[in-house]
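Worksheet: one structure, shown below.
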Amino acid sequence: MIDTALTSGLGALGYDPAPESAALARLRPRYGLFLNGEFTDPARHEQFASLNPATEETLATVARASAADVDAAVAAARHAYDTVWSTMPGAERAKYLFRIARLIQERARELAVVETLDNGKPIRESRDIDVPLAAAHFFYYAGWADKLDYAGFGVRPRPLGVAGQIIPWNFPLLMAAWKLAPALAAGNTCVLKPAETTPLSALVLGEILQQAGLPEGVVNIVTGDASTGAALVEHPGVDKIAFTGSTEVGRLIQERVAATSKKLTLELGGKGANIVFEDAPIDEVIEGIIDGIFFNQGHVCCAGSRLLVQESVADEVVRRLLRRVDQLRVGDPLDKNTDVGAINSAGQLARVREMSRWGEDEGATRYTSACELPTTGYWFAPTVFTNVAQSHRIAREEIFGPVLSVLTFRTPDEAVAKANNSKYGLACGVWSEKGSRTLWVAQRLRAGVVWANTYNKFDPTSPFGGVRESGFGREGGRQGLEAYLDV
Ligand code: NAD
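In my numbering, the protein residues as written are 397 to 883.
And the structure:
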């Protein structure tokens, strides 16, 4: 018998649910802070809930670290720096990093489920991207720990001391790995502040650090909100602040750090241009555009949220793109077939809704996937705006959601001018059969990263970071060590 779902077109393809088990998460009901190698008693702290954005249910409660808790974390990090970590040979530090990497691999399935429950991202992404890349960062920087003399920063480059690291909610475990691995490899000790809506994978990482036998105080994890982050930024015992988050908060932090000796790196927002030339292979282009904007619900700093498509192929690209948008499966993040999961919080959902209304108000044409959305949780259907002008706010402001703005161009010069017409400069993509054209364009783009015939490709060996209001400093690669060395 022929399955009618199969005969009625791709959009109607039926998939049986294939849910991963939430029970794999093994979460504790309440968490304390990870201080000096131990979890503190949750009863000692004010608690707040971390929700599953797909169901609005509480997953666990976590501690809101006070200024006194941050002080204790910095003191623990300082003691560990002075007595153990800064004096330990690099080859010994490397052993701990290798151990952490292997333990992330061993607990990969559990970590993927925790991340998907807490963040709302599809399990396919946390399983295949976030968790393996987090392990890869620890493996990569473990390799550098005993080779710092050869990293190009002079003989015996010195660590900075205690690093305060503040991360956002879009890639919670991966951002923790991006921050911790190079800092530890270089000989620093750390106080990590996860985002308030996604603290859980960092707390599981705390358990992993215990399992790895990391000396106490080398990494401390203080959960909390903006006030916890601010206490870390202000603390006089911190030598370096590494921040990933919004440009707005980044600016505030830069002001606070300005009159101090603290070093600073900022990884901020973006409005990436994905540039499609008429000679590019269209099937690959469509997948690249989809991946560029709908990966992780568009909660990606380097998302290709502005599509610049050459006028001669714009109609065909848009037609095929909208058809593909309709095929995206939106729903249960734990289902292995899901393409687009839940929006991370009620606040972010309100923001995405409001910014999408700007598009309509300013005269762009809105196309929203007709997919059915679950009735509880935070959801936003994949959306594409066409007839967008450069002056529209949806072409200028970071929406940080599954919303694409389509603009057109005629010549390579015009493509470059439009791509660079942004206050941000984090990432761009160029799609063309001609390598010479890709290089010509890439050299003229003002962005930290340019992908050629692909998008959202990450690798620990490759430096990542922005220019202009996307921040400064690089994470990943040899360059990522520089942020944690006194050079
Ligand atoms: P956010 O700036 O609101 O928060 C980021 C972190 O900073 C959170 O842990 C938060 O608690 C903390 N924080 C908030 N106010 C603070 C303050 N005054 N002092 C110290 N810490 C404070 O950003 P968000 O909404 O969590 O994340 C989304 C933003 O992050 C987007 O703009 C996105 O582009 C950016 N981002 C950038 C990168 C990158 O590598 N460039 C990566 C991921 C996300």
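Backbone N, C-alpha and C fix where the C-beta goes; we use that ideal spot for every residue, glycine too.
For this session: For Pro-632, verify whether its CB is less than 7 Å away from any heavy atom of the ligand NAD.
Result: It does not: the Cβ of Pro-632 is nowhere closer than 7 Å to a heavy atom of the ligand NAD.
Problem set entry | Heavy atom of the ligand NAD within 7 Å of Asn-566 beta-carbon | Yes, since a heavy atom of the ligand NAD falls inside the 7 Å radius drawn around the Cβ of Asn-566.
For this session: Determine the direct distance from the alpha carbon of Ala-760 to that of Thr-782, and round the result to whole angstroms.
Result: Taking C-alpha positions only, Thr-782 is separated from Ala-760 by approximately 6 Å.
Problem set entry | Where the beta strand (DSSP E) containing Glu-663 begins and where it ends | It spans 659-663 - the beta strand (DSSP E) in which Glu-663 sits, taken as one unbroken run.
For this session: Decide if Asp-731 is buried, meaning its Cβ has at least 16 other Cβ atoms within 10 Å, or exposed.
Result: The residue is buried, with at least 16 neighbouring Cβ atoms inside 10 Å.
Exercise. Can you list, in chain order, the residues of its chain whose CB lies under 8 Å from that of Gln-443, leaving out five sequence neighbours each side?
Worked result: Within the same chain, Cβ atoms closer than 8 Å to the Cβ of Gln-443 are found at Arg-426, Thr-457, Val-458, Ala-459, Arg-460, the five residues on either side in sequence being excluded.
Problem set entry | Complete runs of the alpha helix (DSSP H) confined to the region 575-616 [at least 4 residues] | If only uninterrupted alpha helix (DSSP H) runs of at least 4 residues are considered, those enclosed by the region 575-616 are 596-607.
Exercise. Around the Cβ of Lys-517, are there at least 16 other Cβ atoms within 10 angstroms (buried) or fewer (exposed)?
Worked result: So Lys-517 counts as buried.
For this session: Using 7 Å as the cut-off, classify the Cβ of Ala-591 as near or not near the heavy atoms of the ligand NAD, replying yes or no.
Result: For Ala-591, the shortest C-beta to heavy atom distance toward the ligand NAD is below 7 Å.
Exercise. Looking at C-alpha atoms only, which residue of Val-714, Lys-491, His-441, Leu-513 is the closest neighbour of Gly-773?
Worked result: The residue with the shortest Cα to Cα distance from Gly-773 is Leu-513.
Exercise. Name the DSSP beta bridge partners of Pro-555, please?
Worked result: DSSP output for Pro-555 lists Leu-881 as bridge partner(s).
For this session: Would you check whether the ligand NAD has a heavy atom nearer than 7 Å to the C-beta of Thr-865?
Result: Per the sequence shown, the amino acid found at residue 865 is Glu instead of Thr. Not one heavy atom of the ligand NAD falls within 7 Å of the beta-carbon of Glu-865.
For this session: Could you say if the region 666-681 and the region 698-715 meet the contact criterion of at least three C-beta pairs nearer than 8 Å?
Result: Flag = yes, the region 666-681 and the region 698-715 touch.
Exercise. Three or more C-beta pairs closer than 8 Å, one from the region 596-605 and one from the region 421-439: is that the case here?
Worked result: Note that the region 596-605 touches the region 421-439; at least 3 beta-carbon pairs, one per stretch, sit closer than 8 Å.
For this session: Measure the C-alpha to C-alpha separation of Pro-778 and Tyr-411 and round it to an integer number of angstroms.
Result: Cα to Cα, Pro-778 sits roughly 19 Å from Tyr-411.
Problem set entry | Rounded separation between Ala-654 and Pro-413 - CA only | Here the alpha carbon of Ala-654 sits roughly 52 Å from the alpha carbon of Pro-413.
Exercise. Per the contact definition of three or more C-beta pairs closer than 8 Å, is the region 490-502 in contact with the region 584-591?
Worked result: Counting Cβ pairs under 8 Å, fewer than three are found: no touch.
For this session: Would you kindly check if the distance between the Cβ of Val-558 and the Cβ of Val-470 is under 8 Å?
Result: Closer than 8 Å, so yes.
For this session: Check each candidate in Lys-819, Phe-567, Lys-636 and name the one with the smallest Cα separation from Gly-869.
Result: Checking every option, the nearest Cα to that of Gly-869 belongs to Lys-636.
For this session: Counting only runs of 4+ residues fully inside the region 763-811, write out the alpha helix (DSSP H) ranges in chain order.
Result: For the region 763-811, whole alpha helix (DSSP H) runs of length 4 or above, ordered along the chain, are 789-792.
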